[in-house]
Amino acid sequence: MFFTAFTDANLAVDDVIAEDDKFVARWTLQATHKGPLRNILPTDKKIILTGIAIYRFLDNKIDEGWALNDALGLMQQLVAVSN
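Counting in our numbering, the sequence shown runs from 10 upward without gaps.
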């Protein structure tokens, strides 16, 4: 659903931290709102979305993962939520 709304998404990894069995990446995504996102029609606005992902490895495979992104900031950029 997200990548059909933002077809030109460009993801940059800003920071990487690895220690013991954990790997953390802080990222920034830039894109243009070209398709519907849930009930929000395309706005053709350029957005910047930031987030962080944490993974725990076991036997050289991802065993658990957690991710957070600035969903409120995204909605504010699309004018779906007021400040």
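Where a beta carbon is used, it is the ideal one built from N, C-alpha and C, also for glycine. Please read these numbers as outputs of a predicted model, since none were measured by experiment.
Buried versus exposed call for residue i [16 or more other C-beta atoms within 10 Å across all chains shown]
i, result
"I56", "buried"
"A27", "exposed"
"L67", "exposed"
Short CB-CB distance (under 9 angstroms) between residue i and chain D
i, result
"A62", "No chain D is present in this structure, which holds just one protein chain."
Three-state secondary structure (DSSP) of residue i
i, result
"L50", "coil"
"F12", "helix"
"L83", "helix"
"D24", "strand"
From the options, residue whose alpha carbon lies closest to that of residue i
i, options, result
"W75", "T13, R35, A40 and F12", "R35"
"A14", "D23, P45 and G82", "P45"
Own chain, CB closer than 6 angstroms to residue i, minus 5 neighbours either side, in chain order
i, result
"F32", "Y64"
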